[in-house]
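I have placed the structure first, in the form of structure tokens, so that the comments after it can refer back to it.
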Amino acid sequence: MQRLAVEGRPVVLYDQVGCGRSDARPGVRWTLEVFLDELDLLRAELGLSSVHLLGTSWGGMLALEHALRRPGSLESLTLSSTLASASEWAGEARRLRDELPEPVRQVLEQHGLERHGLERNGETDLPDEPEYERALAQFDARHFFRGDPQRPELTLMRAQRAPEVYRAMWGPNEWTIIGSLRGWDVRQRLHELQLPTLVLRGRHDLCTDAIARTLVEGISGAREVVFEESSHTPVLEETERYLAVVREFIDASAASSASIERPYPGTGKPRST
Numbered sequence: 022m023q024r025l026a027v028e029g030r031p032v033v034l035y036d037q038v039g040c041g042r043s044d045a046r047p048g049v050r051w052t053l054e055v056f057l058d059e060l061d062l063l064r065a066e067l068g069l070s071s072v073h074l075l076g077t078s079w080g081g082m083l084a085l086e087h088a089l090r091r092p093g094s095l096e097s098l099t100l101s102s103t104l105a106s107a108s109e110w111a112g113e114a115r116r117l118r119d120e121l122p123e124p125v126r127q128v129l130e131q132h133g134l135e136r137h138g139l140e141r142n143g144e145t146d147l148p149d150e151p152e153y154e155r156a157l158a159q160f161d162a163r164h165f166f167r168g169d170p171q172r173p174e175l176t177l178m179r180a181q182r183a184p185e186v187y188r189a190m191w192g193p194n195e196w197t198i199i200g201s202l203r204g205w206d207v208r209q210r211l212h213e214l215q216l217p218t219l220v221l222r223g224r225h226d227l228c229t230d231a232i233a234r235t236l237v238e239g240i241s242g243a244r245e246v247v248f249e250e251s252s253h254t255p256v257l258e259e260t261e262r263y264l265a266v267v268r269e270f271i272d273a274s275a276a277s278s279a280s281i282e283r284p285y286p287g288t289g290k291p292r293s294t
């Protein structure tokens with residue numbers, strides 16, 4: 022996404038608290054509110070009164086909540102490989118898991134249940150399970166990244182993950198949700214979003230046809246683009262087309278709406294990016 026900034030548009034990328042180079046908060050209870058507050062503070066500090074917001078996967082959940090809570094403060098919304106319902110996502114992930122070869126499916130199901138039990142009992146130092154990790158790698162090769170698993174950008178992405186936050190908010194895997202996001206569902210509120218919205222996903226994505234349809238049909242005027250050679254990371258799998266689609270959408274959204282300069286809550290400094 023940095024390339025969009027090189028082309029002249031200000032782009033703000035940030036490591037969320039507990040992720041990448043941002044410090045964790047010892048003892049914090051990881052909830053959606055922590056990250057919503059962080060995004061509010063970031064926008065207020067930078068004086069970003071009106072922005073084009075893009076969220077990928079979990080970031081799309083955050084973007085949806087932010088858009089619902091701050092109506093009128095966004096020029097456009099891009100939802101990339103994301104969801105409107107935790108239960109719908111977990112259900113589709115189970116369906117995709119069950120399409121794997123039977124021996125792989127059995128390993129994922131059995132070991133996933135065991136890890137689920139450990140986490141429910143408060144275990145945080147989970148044992149290494151090579152068989153489970155190999156099976157999970159097969160699932161990821163179909164639905165997370167369809168390419169060289171040693172690609173530098175993918176290695177960097179994995180290094181910036183925060184597994185303890187993922188486990189606390191979601192669970193041990195995509196199809197087992199036991200964390201603080203369990204029950205999260207904004208499907209009945211999607212109609213409230215009245216702004217240009219772009220839904221992006223890969224053909225082999227964890228964001229399946231059904232999940233994307235929920236977003237596209239729920240948000241008035243939402244447009245969907247499918248990347249045929251991609252799974253959950255089209256920004257890496259089809260980089261050139263992905264950036265071109267995002268660039269075209271943002272440019273069109275900016276051109277079609279008169280920019281109204283207004284202070285973002287908490288600051289008197291209007292700014293658009």
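Residues in the sequence shown are numbered from 22 upward in steps of one, following our numbering. For each residue, glycine too, the CB sits at the ideal point set by N, CA and C. No experiment lies behind these values; they were computed from the predicted model shown.
Separation of residue j from residue i, as counted between CA atoms
i	j	result
G93	P151	49 Å
F270	L219	8 Å
R91	G223	28 Å
R163	S277	38 Å
Y153	V237	35 Å
E249	G68	38 Å
W196	T235	18 Å
L129	P193	11 Å
A45	S201	17 Å
I198	A189	10 Å
D272	L25	11 Å
E213	L75	18 Å
Buried versus exposed call for residue i [16 or more other C-beta atoms within 10 Å across all chains shown]
i	result
V207	buried
P255	buried
V267	buried
A88	buried
L63	exposed
D226	buried
P217	buried
L104	buried
E86	buried
Beta-carbon proximity check, residue i vs residue j, cutoff 9 Å
i	j	result
G41	Q215	no
M82	L264	no
E96	S274	yes
L57	H73	no
R126	R118	yes
A231	E113	yes
CB-CB length for residue i against residue j, believed under 8 Å
i	j	result
G204	A107	7 Å
Check your understanding: Which ranges would you report for the alpha helix (DSSP H) in the region 82-126 if only whole runs of at least 4 residues count?
Key -> Here the runs fully enclosed are 107-119.
Exercise for review: Could you name each continuous beta strand (DSSP E) segment of 3 residues or more that falls completely within the region 241-279, going from the start of the chain to the end?
Suggested key: Entirely contained in the region 241-279, the beta strand (DSSP E) runs reaching 3 residues are, in chain order, 244-248.
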